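First comes the structure, then the notes that go with it.
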Amino acid sequence: MADQQRIHPMAVDVEAPPPPTRPQMPQTSFGSKKADPAQQNQVPLGRAIPETPPALLNPTKRSSNRLCKCLCWTVGLLILLLVIVGATAAIIYLVFQPKLPKYSVDNLRISDLTLNFDLSLYARFNVRITAENPNKKIGIYYERGSHLSVWYKKTNLCQGSIPRFYQGHQNKTVLNVALSGQNQYGRTLLEAMQEEQQTGRIPLDLKIDVPVRIELGKLKLTKVRIVGSCMLIVDSLSTNSFIRITASTCNFGLKL
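Residue numbers (our numbering): 26 to 281.
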């Protein structure tokens, strides 16, 4: 019998295919794998980093700078205004050399001092006042609305006013002013003054408040007030007789 041929399989080295791998997902915002934070902050080469605008750096500092500038401008304007006012006042003083007017009480006469039936005291005085303007280049306009009053201690005896007039440069003007008034505490007041009369020293206070306008050359300034008083000591309160003023002290000033 013929020899049967045996076929033996030959081992052939065939390269095994690589094991299957898991497909990689692209690194996007929709991927399941989170990107590395360090890689996210990286900026591609050749690309400039945008700068933060200055307005967004510190808004509080910017507003404080504006406030400081505003304050500096305000202070500067105030200083400039003060310098201008001071320079103007200095020029006026040097050119015109202003002086306060002077006043003196020359004579006092009591026309009436009567105790009425209702025990009120009626008084009527006549005062002669000399007003002196010592300025060489300044005139004085005496306006309406003046008020003069005679007081005994803290009690008003009578009041009046001076007429409206103009007083020129280096001028003296004599004013005769009539004052009258009535006080309800007449009996007590009259008894107190009669006791003072026995000593020969009766204190009276003449208070003056006069609105005036100052004239500098041809310029007429705004209205101011001359305010002051004259402390008088008289020897008698006899009516319709000469009353001697034994002492007189006057002080006056300007009031805006």
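Positions of the beta carbon are idealized from the N, C-alpha and C atoms, including for glycine.
Note that the coordinates shown come from a computational prediction; the quantities given were computed from them, not determined experimentally.
For this session: Report, in whole angstroms, the separation of the C-beta atoms of L182 and A148, which I expect to be a contact under 8 Å.
Result: Working through the sequence shown from its first residue, we reach residue 182 at position 157. Working through the sequence shown from its first residue, we reach residue 148 at position 123. Confirmed, Cβ separation roughly 5 Å.
Problem set entry | C-beta contact flag for P25 and N158 at 7 Å | Given a span of 26 to 281 for the chain in the structure shown, any question on residue 25 remains unanswerable.
Exercise. Can you round the beta-carbon distance between L133 and I270 to whole angstroms, since I take them to be within the 8 Å contact cut?
Worked result: Taking the first residue of the sequence shown as position 1, residue 133 is located at position 108. Taking the first residue of the sequence shown as position 1, residue 270 is located at position 245. The Cβ separation is near 6 Å, so the contact holds.
For this session: Can you have a look at E240 and say buried or exposed, based on whether 16 or more other CB atoms are within 10 angstroms of its CB?
Result: Numbered from its first residue, the sequence shown carries residue 240 at position 215. So E240 counts as buried.
Exercise. Which residue comes first and which comes last in the beta strand (DSSP E) that contains R250?
Worked result: As a working mapping, residue 250 is identified with position 225 in the sequence shown. Run containing R250: 244 to 259, per the beta strand (DSSP E) assignment.
For this session: Can you grab the Cα-Cα spacing for the pair K243 / H194, in whole Å?
Result: The residue labelled residue 243 in the question sits at position 218 within the sequence shown. The residue labelled residue 194 in the question sits at position 169 within the sequence shown. Taking the straight line joining both Cα atoms gives about 13 Å.
Exercise. Of all the options K161, T99, Y177, which has the alpha carbon lying nearest to the alpha carbon of P228?
Worked result: As a working note, residue 228 is residue 203 in the sequence shown. For P228, the nearest C-alpha among the options comes from Y177.
For this session: Pick out whichever of Q222, T180, L214, K248 has its Cα sitting closest to the Cα of S261.
Result: To locate residue 261, count along the sequence shown from 1; it is residue 236. When each option's Cα is compared against that of S261, the closest is Q222.
Problem set entry | Sub-7 Å separation of L281 and V249 beta-carbons | Locating residue 281 in the sequence shown gives position 256, counting from the first residue. Locating residue 249 in the sequence shown gives position 224, counting from the first residue. A contact, by the Cβ cut-off of 7 Å.
Exercise. Which residue comes first and which comes last in the alpha helix (DSSP H) that contains Q222?
Worked result: The residue you call residue 222 lines up with position 197 of the sequence shown. Here the alpha helix (DSSP H) through Q222 covers 211 to 224.
Problem set entry | Beta-carbon proximity of G211 to L140, cut-off 7 Å | Mapped onto the sequence shown, residue 211 falls at position 186. Mapped onto the sequence shown, residue 140 falls at position 115. Contact flag set, yes.
Problem set entry | Closest by C-alpha distance to I233, when choosing among S186, T99, L103, A112 | Counting from one through the sequence shown, the residue named residue 233 turns up at place 208. I233 has its Cα closest to that of S186, out of S186, T99, L103, A112.
Exercise. Which parts of the region 147 to 216 are runs of the beta strand (DSSP E), unbroken and 3 residues or longer, counting only runs that do not cross its ends?
Worked result: 163 to 167, 172 to 177, 180 to 185, 190 to 192, 196 to 208
Exercise. Any idea what DSSP makes of R91, helix, strand or coil?
Worked result: Translated into the one-based positions of the sequence shown, residue 91 becomes position 66. In the structure shown, R91 sits in a helix (DSSP, three-state: H, G or I).
Exercise. So what does DSSP say about T113, is it helix, strand or coil?
Worked result: Locating residue 113 in the sequence shown gives position 88, counting from the first residue. Note: T113 maps to helix in three-state DSSP.
Exercise. Just how far apart, CA to CA, sit K94 and I109?
Worked result: Indexing the sequence shown from 1 puts residue 94 at position 69. Indexing the sequence shown from 1 puts residue 109 at position 84. Roughly 23 Å between the two C-alpha positions.
For this session: Using the Cα positions of L258 and L144, report the straight-line distance between them to the nearest angstrom.
Result: For this step, residue 258 is matched to residue 233 along the sequence shown. For this step, residue 144 is matched to residue 119 along the sequence shown. The sequence shown places Ile at residue 258, not Leu. Spanning the two alpha carbons is a distance of roughly 26 Å.
Exercise. Where does T99 fall in DSSP's three states?
Worked result: Residue mapping note: residue 99 aligns to position 74 of the sequence shown, counting from 1. In the structure shown, T99 sits in a helix (DSSP, three-state: H, G or I).
Exercise. Beta strand (DSSP E) containing D137: first to last residue?
Worked result: Translated into positions along the sequence shown, residue 137 becomes position 112. D137 -> beta strand (DSSP E) spans 127 to 140.
Exercise. Is L107 helix, strand or coil by DSSP?
Worked result: Locating residue 107 in the sequence shown gives position 82, counting from the first residue. Helix at L107.
For this session: Express the C-alpha separation of G278 and M218 in angstroms, rounding to a whole number.
Result: For the purposes of this step, residue 218 is taken as the residue at position 193 of the sequence shown. For the purposes of this step, residue 278 is taken as the residue at position 253 of the sequence shown. Cα to Cα, the separation comes out at about 30 Å.
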